[in-house]
Amino acid sequence: MIAAFVRMTRRLGLWFLAAGITVAIIFISVFIYKYTVFEPDPPPLAACESLQVVLTADNGAEVQLHECKRGDDSWQGYEVWLHEPHNQYWQRLLTAELDGCMTLGVADNAALEVFHSAGRGHLNVARSSVIYRDVDGNPHTLSINAERVVDCPLD
1 MIAAFVRMTR RLGLWFLAAG ITVAIIFISV FIYKYTVFEP DPPPLAACES LQVVLTADNG
61 AEVQLHECKR GDDSWQGYEV WLHEPHNQYW QRLLTAELDG CMTLGVADNA ALEVFHSAGR
121 GHLNVARSSV IYRDVDGNPH TLSINAERVV DCPLD
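Numbering (full-length UniProt numbering), first residue to last: 1 to 155.
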């Protein structure tokens, strides 16, 4: 009976050891992915050309539209980033392949309008809303609305 208990304890210990190693490998993989691939370099550090800058109503943040070229296989497309100039914080909002046109507009104080002529499946929204802080440190929310148009409106 004691030998059976020892075997069971040994099997249970090996199972917990295997589970621990598996969780550690997954955690390390996610950590490496997040800090190497997940969020690319912001536009000033990448091969990007600024196309349009829209200020929020409180002037706490800028929404910037860029045409970027990234990667070894030369992906080229549009990227929309939120930039908080007072603390140099960047957040990527959406990307789209370079197909047709894209422009930005502000519908009201809390909504960003993205006008694009690409297909719905070509627009990759990273965040549907974003929280940013103004110069005084007060949080504000900006929602992103995408609208498909034939010709993009110009500011």
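C-beta: ideal position from N, C-alpha, C; glycine also.
Since the structure is predicted, the reported quantities are computational estimates derived from the model, not experimental observations.
Cβ atoms of residue j and residue i: under 8 angstroms apart, would you say?
i, j, result
"P85", "E62", "yes"
"W75", "Q64", "no"
"C101", "E79", "no"
"L51", "H66", "yes"
"D58", "D108", "no"
In the DSSP assignment, find the unbroken beta strand (DSSP E) run with residue i in it and report its ends.
i, result
"S29", "That residue, S29, is in no beta strand (DSSP E); its alpha helix (DSSP H) goes 2-33."
"C48", "47-55"
"Q76", "75-84"
"G105", "102-108"
"R92", "89-97"
"E62", "62-70"
"N114", "According to the sequence provided, residue 114 is Val. The question's Asn does not apply to it. Here the beta strand (DSSP E) through V114 covers 111-116."
Considering Cα atoms alone, identify which of the options is closest to residue i.
i, options, result
"A111", "F5, V135, E147", "E147"
"Y89", "I28, I131, V6", "I131"
"T56", "R127, G105, W15", "G105"
"I144", "N87, S128, R92", "S128"
"G137", "P43, V30, G60", "G60"
Please find out if some non-hydrogen atom of the ligand GTP comes closer than 7 angstroms to the beta-carbon of residue i.
i, result
"F27", "Questions concerning the ligand GTP fall outside what the structure shown contains, since it holds no ligand whatsoever."
In the DSSP output, which residue or residues are listed as bridge partners for residue i?
i, result
"residue 156", "Outside the displayed range of the chain (1 to 155) lies residue 156, so it cannot be described from this structure."
"H122", "Answer by DSSP bridge pairing: none, since H122 is not bridged."
"E147", "F115"
Per the contact definition of three or more C-beta pairs closer than 8 angstroms, is the stretch 71-80 in contact with the stretch 20-33? no
Does the stretch 105-116 come close enough to the stretch 139-153 to have 3 or more Cβ pairs within less than 8 angstroms? Counting Cβ pairs under 8 angstroms, three or more are found: they touch.
Pair every Cβ in the stretch 96-104 with every Cβ in the stretch 121-135, then say whether three or more of these pairs are closer than 8 angstroms. yes
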